[in-house]
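Q:
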Amino acid sequence: VDLAGSERNKRTGNIGIRFKESVGINTGLLALGNVISTLSDDRRRPGAHVPYRDSKLTRLLQDSLGGNSRTVMLACISPADANFEETLSTLKYASRARHIK
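Structure follows, in structure tokens:
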């Protein structure tokens, strides 16, 4: 699954339909981040609630993220100073995915 599109709306200057689309993408990515955080939490009790139903994206990925599957995440980052915040955010996201159990 390609998770491109997590850019900050203020930086991209998206308006109209593109703004609405990017809000939807970012909402799905936030929900996926919440699922990843829950699955990677060492203190999580067996049978604890995982918020798969918070978005269409997480519902589609439910079988791939839970159970006996393996999760792989490729993070595309940039060495440019202008992309520091997004690169840091991407690395934190990937780090959480790395700890899924």
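The opening position of the sequence shown corresponds to residue 1 in the UniProt record's numbering, with each subsequent residue numbered one higher. We treat Cβ as the ideally placed atom computed from N, Cα and C, and that holds for glycine.
Return the CA-CA distance between Leu57 and Ile15, expressed in angstroms with no decimal places.
A: Translated into positions along the sequence shown, residue 57 becomes position 57. Translated into positions along the sequence shown, residue 15 becomes position 15. Computed Cα separation, rounded: 23 angstroms.
Q: Out of Gly28, Phe84, Val72, Pro79, state which residue places its alpha-carbon closest to the alpha-carbon of Ala97.
A: Locating residue 97 in the sequence shown gives position 97, where the first residue counts as 1. The shortest Cα separation from Ala97 among Gly28, Phe84, Val72, Pro79 belongs to Val72.
Q: For the pair the region 45 to 60 and the region 84 to 93, tell me if three or more CB-CB distances fall below 8 angstroms.
A: Counting Cβ pairs under 8 angstroms, fewer than three are found: no touch.
Q: Answer with buried or exposed for Ala31, where buried requires no fewer than 16 other C-beta atoms within 10 angstroms of its C-beta.
A: Taking the first residue of the sequence shown as position 1, residue 31 is located at position 31. The residue in question, Ala31, is buried, as its Cβ has 16 or more Cβ neighbours within 10 Å.
Q: How about Ile77 and Ser40: are their beta carbons less than 7 angstroms apart?
A: Position 77 of the sequence shown, counting from 1, holds the residue named residue 77. Position 40 of the sequence shown, counting from 1, holds the residue named residue 40. No, the pair does not count as a contact, with Cβ atoms beyond the cut-off.
Q: Using the C-alpha atoms, what's the distance from Gln62 back to His49?
A: For this step, residue 49 is matched to residue 49 along the sequence shown. For this step, residue 62 is matched to residue 62 along the sequence shown. If you take the alpha carbons of His49 and Gln62, they lie about 13 angstroms apart.
Q: Near Ile36, what residues of its chain come up, given a Cβ to Cβ distance below 6 angstroms and the 5 sequence neighbours on each side ignored?
A: In the sequence shown, counting from the first residue as 1, residue 36 sits at position 36. Counting only Cβ-Cβ distances below 6 angstroms, and skipping sequence neighbours, we find Arg96, Ala97.
Q: Just to confirm the assignment, what range does the alpha helix (DSSP H) spanning Asn68 have?
A: Position 68 of the sequence shown, counting from 1, holds the residue named residue 68. Counting along the chain, Asn68 falls outside any alpha helix (DSSP H), and DSSP gives it neither H nor E.
Q: Do you know how far the Cα of Pro79 is from the Cα of Arg53?
A: Translated into the one-based positions of the sequence shown, residue 53 becomes position 53. Translated into the one-based positions of the sequence shown, residue 79 becomes position 79. Arg53 and Pro79: Cα-Cα distance of roughly 35 angstroms.
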